[in-house]
Ligand SMILES: NC(=O)c1ccc[n+]([C@@H]2O[C@H](COP(=O)([O-])OP(=O)(O)OC[C@H]3O[C@@H](n4cnc5c(N)ncnc54)[C@H](O)[C@@H]3O)[C@@H](O)[C@H]2O)c1
Ligand SMILES: [Zn+2]
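This is the structure in structure tokens:
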């Protein structure tokens with residue numbers, strides 16, 4: 014399968030789909046020393062892959078996507094005399110990639126970096142698009158930069174060791190890509206669900222490739238999220254409060270968020286109810302949740318803190334038919350009505 018080259022103002026990125034993660038060495042620019050940033054699970058699962066390279070291990074989970082972790086990385090860089098002749102590689106899921114990309118981008122005003130993307134979510138979403146950053150206090154991804162990894166290796170084989178719940182969760186973002194942009198991918202996901210869930214390499218490769226292609230096209234048109242890139246937030250406006258209050262994984266919350274956003278689209282007269290049902294069915298086939306139990310006051314109060322809010326309006330991503338997303342400015346009182354009806 015061919016590579017995808019994403020070209021944006023912050024740089025260009027080569028995303029590889031048919032390359033083994035074990036061959037990452039071939040993509041380190043000539044003459045550069047390389048350093049790996051990863052976590053304990055990856056080191057334990059793939060003990061020999063990084064032999065011969067210095068490794069910095071960072072903590073796991075969202076609570077480690079912090080300034081403290083940046084400090085650990087910079088301490089490690091200083092101990093190894095890392096300078097601008099070095100290349101930094103993040104090997105892991107979204108936490109490792111987001112943190113590595115940010116650390117590399119600001120150390121000595123920027124070292125080049127690349128990713129070995131090891132979760133389905135990071136292959137189809139986190140490691141592509143150039144958003145790097147860490148959390149600050151309770152605010153997710155509050156501090157960061159736009160910078161493109163020189164390469165991203167998306168090898169479906171590395172997903173074999175991924176825990177099932179993490180794996181399933183990644184499908185929510187693939188279904189999202191299909192729902193906002195691409196009925197071919199939507200039908201492909203419908204027709205190949207069993208094989209995809211059994212980690213059939215060819216099917217996974219195709220689903221990951223198509224999903225990245227959609228994201229790369231959107232990012233190239235609007236890297237800094239002034240307009241079109243907002244459609245990638247389909248399902249996410251509702252997902253944030255669900256993720257926060259129901260203790261679900263990101264993809265699981267996005268799955269429920271997409272069902273809600275589709276229902277809201279039906280209410281706004283943009284989507285046929287059969288189409289909303291078809292999306293819900295696809296989400297269910299991939300064993301993702303579609304139901305939630307939260308009080309409307311809680312959902313609405315979380316929405317008010319959302320980054321997509323602009324004064325008395327919310328930018329809500331809705332579907333004008335399956336495969337065709339639109340961003341609508343919805344007044345807050347209308348939003349309250351929608352939440353009231355949905356909850
Ligand atoms: N930058 C972006 O555009 C963007 C987009 C979406 C999400 N994100 C970020 O991504 C993060 C979530 O990423 P994630 O879902 O990949 O979670 P994660 O990075 O926490 O990885 C999940 C867990 O799986 C383990 N793991 C990873 N790969 C494995 C493998 N191949 N085998 C066995 N275990 C493995 C990890 O060690 C970790 O414990 C969030 O912080 C989110 O904000 C960023
Ligand atoms: Zn997401």
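Numbering (our numbering), first residue to last: 14 to 356. Quick reminder that beta carbons are idealized off the backbone N, C-alpha and C, glycines included.
Of all C-beta pairs linking the region 152-169 to the region 20-35, three or more are shorter than 8 Å, placing the two stretches in contact. In the structure shown, the three-state DSSP call for residue 54 is helix.
By alpha-carbon distance to residue 227, the top candidate from 186, 208, 216 is 186. Taking the C-beta atoms as reference points, residue 75 is found nearer than 9 Å to residue 148. The C-alpha of residue 322 is placed about 33 Å away from the C-alpha of residue 167. Three or more Cβ pairs closer than 8 Å define a contact, and the region 333-342 meets that threshold against the region 243-257. Only exposed fits residue 308, as fewer than 16 other CB atoms lie within 10 angstroms of its CB. Annotation for residue 180: 133, 172 place their beta carbon closer than 7 Å to its own, counting only its chain and skipping 5 residues before and after.
Beta-bridge pairing by DSSP links residue 284 to no other residue. As far as DSSP is concerned, residue 267 takes part in no beta bridge.
Secondary structure in the region 154-180: the beta strand (DSSP E) runs of 3 residues or longer, each lying completely within the stretch, are 164-166 in chain order. Residue 286 counts as exposed, since fewer than 16 other beta carbons sit within 10 angstroms of its beta carbon. If you check the C-beta of residue 249 against ligand 2, you find a heavy atom less than 8 Å away. Boundaries of the alpha helix (DSSP H) harbouring residue 204: 196-204, taken from the DSSP string. Scanning 281, 270, 294 for the CA closest to the CA of residue 306 turns up 270. The beta carbon of residue 291 sits closer than 6 Å to no other beta carbon from its chain once the five residues preceding and following it are set aside. Residue 332 has 338 as its beta-bridge partners, per DSSP.
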